[in-house]
């Protein structure tokens with residue numbers, strides 16, 4: 001069941017869009033396609049309505065920044081990034097990011113199917129009917145595992161450097177942040193990677209944040225502006241800072257695939273060889289700190 005309705009546009013425009021999408025898919029499927037050139041040429045067309053050679057001749061600064069070979073991503077500076085895997089997806093991530101700044105990307109009629117085509121070649125796995133709205137950011141992209149009928153709304157950050165799973169029917173609302181890495185409190189370069197899991201039919205609502213290693217069970221919900229640093233059981237609704245499960249949906253008995261009480265949790269992998277050991281506890285409570293101060 002959905003609350004959305006079908007919307008039609010001019011048939012001539014739709015035919016033009018369909019032809020563009022078929023051509024893009026064919027070029028992406030062709031092993032002879034240079035994805036860097038594909039990206040720069042398509043961006044020159046959509047952003048400047050010019051061919052790349054013409055743009056390079058008249059506005060080299062603009063043109064050179066369209067070619068993924070001339071730009072860097074934040075992820076390329078991380079020790080945890082697999083250089084070979086990222087090199088394979090980098091031009092498509094650059095295409096995704098910049099198309100979102102154009103009318104083609106802002107138009108759901110073209111933007112959503114283009115992102116679906118790119119996701120199929122960037123993510124580790126993506127199911128059917130993936131719907132991603134504009135201005136979504138990934139850290140590396142290749143550690144995303146996405147099931148069927150998943151929806152990701154606007155301005156979401158999916159930090160997949162340590163791995164993110166979005167199971168069937170999961171919904172990620174606008175301005176959500178999902179993380180899969182943590183930093184030591186005392187040593188910022190001491191980074192631990194932990195896979196974050198969001199179960200089937202789970203809803204992560206507006207402006208909420210999920211920290212690395214959390215498991216959100218099937219049919220669970222994270223409330224608006226909540227900060228999750230643990231788990232949510234099946235059908236649970238977690239609220240607050242930090243988020244705690246305070247309510248449960250009234251549901252008939254359902255089969256549960258992702259149950260945080262039994263689902264495997266990522267023990268963590270170290271991202272910096274300078275810090276190979278598990279990070280110990282590095283904080284104390286206010287009461288403990290006051291006790292230490294009083295003893296001095």
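In full-length UniProt numbering, the protein residues as written are 1 to 296.
Glycine included, each C-beta is placed from N, C-alpha and C at the ideal position.
Values in this document were obtained by computation on a predicted structure and should not be read as measured data.
Report all residues from its chain with a CB closer than 6 Å to the CB of residue i; omit the five preceding and five following residues, and keep chain order.
| i | result |
| --- | --- |
| residue 156 | 136, 172, 176 |
| residue 99 | 105 |
| residue 21 | 113 |
| residue 150 | 130, 166, 170 |
| residue 221 | 203, 237 |
| residue 91 | 35, 36, 39, 68 |
| residue 200 | 167, 168, 169, 218, 257 |
| residue 209 | 177, 227 |
Report the rounded CA-to-CA distance for residue i versus residue j, giving the unit in angstroms.
| i | j | result |
| --- | --- | --- |
| residue 16 | residue 116 | 18 Å |
| residue 46 | residue 185 | 44 Å |
| residue 174 | residue 287 | 38 Å |
| residue 25 | residue 33 | 11 Å |
| residue 211 | residue 53 | 45 Å |
| residue 251 | residue 207 | 26 Å |
| residue 58 | residue 23 | 28 Å |
| residue 154 | residue 205 | 12 Å |
| residue 198 | residue 7 | 30 Å |
| residue 226 | residue 70 | 39 Å |
| residue 41 | residue 146 | 29 Å |
| residue 298 | residue 158 | Beyond the ends of the chain as shown, which are 1 and 296, falls residue 298; an answer cannot be given. |
| residue 195 | residue 187 | 21 Å |
| residue 96 | residue 284 | 43 Å |
| residue 3 | residue 244 | 29 Å |
Could you give the first and the last residue of the continuous alpha helix (DSSP H) run that contains residue i?
| i | result |
| --- | --- |
| residue 105 | 103–106 |
| residue 36 | 35–48 |
| residue 245 | Here residue 245 belongs to no alpha helix (DSSP H); instead the beta strand (DSSP E) covers 244–248. |
| residue 156 | Residue 156 -> no alpha helix (DSSP H), and no H or E assigned at all. |
| residue 193 | Where residue 193 is concerned, there is no enclosing alpha helix (DSSP H), although the beta strand (DSSP E) it sits in stretches over 191–193. |
| residue 62 | 60–64 |
Would you identify the three-state DSSP class for residue i, choosing helix, strand or coil?
| i | result |
| --- | --- |
| residue 144 | strand |
| residue 4 | coil |
| residue 77 | helix |
| residue 182 | strand |
| residue 269 | strand |
| residue 21 | helix |
| residue 285 | coil |
| residue 160 | coil |
| residue 55 | helix |
| residue 11 | helix |
| residue 261 | coil |
| residue 117 | helix |
| residue 229 | coil |
| residue 171 | strand |
| residue 125 | strand |
Grab me the residues of residue i's own chain with a C-beta within less than 7 Å of its C-beta, minus the 5 sequence neighbours each way, in chain order.
| i | result |
| --- | --- |
| residue 230 | 214 |
| residue 51 | 44 |
Over the uninterrupted beta strand (DSSP E) stretch that includes residue i, give me the two end residues.
| i | result |
| --- | --- |
| residue 71 | That residue, residue 71, is in no beta strand (DSSP E); it is neither H nor E in DSSP. |
| residue 95 | No beta strand (DSSP E) holds residue 95; the alpha helix (DSSP H) holding it covers 83–99. |
| residue 238 | 236–239 |
| residue 254 | Taken as a continuous stretch (DSSP letters only), residue 254 belongs to no beta strand (DSSP E), as it is neither H nor E. |
| residue 150 | Looking at the DSSP string, residue 150 is not in any beta strand (DSSP E), and its letter there is neither H nor E. |
| residue 197 | 196–198 |
Is it a yes or a no for the stretch 77–89 touching the stretch 99–112, going by three-plus beta-carbon pairs under 8 Å?
no
Next on the checklist: Contact between the stretch 268–278 and the stretch 248–255 is defined here as three or more beta-carbon pairs at a separation below 8 Å; is this criterion met?
Outcome noted: no
Check whether the stretch 118–132 touches the stretch 51–66, taking contact to mean three or more Cβ pairs, one atom from each stretch, closer than 8 Å. no
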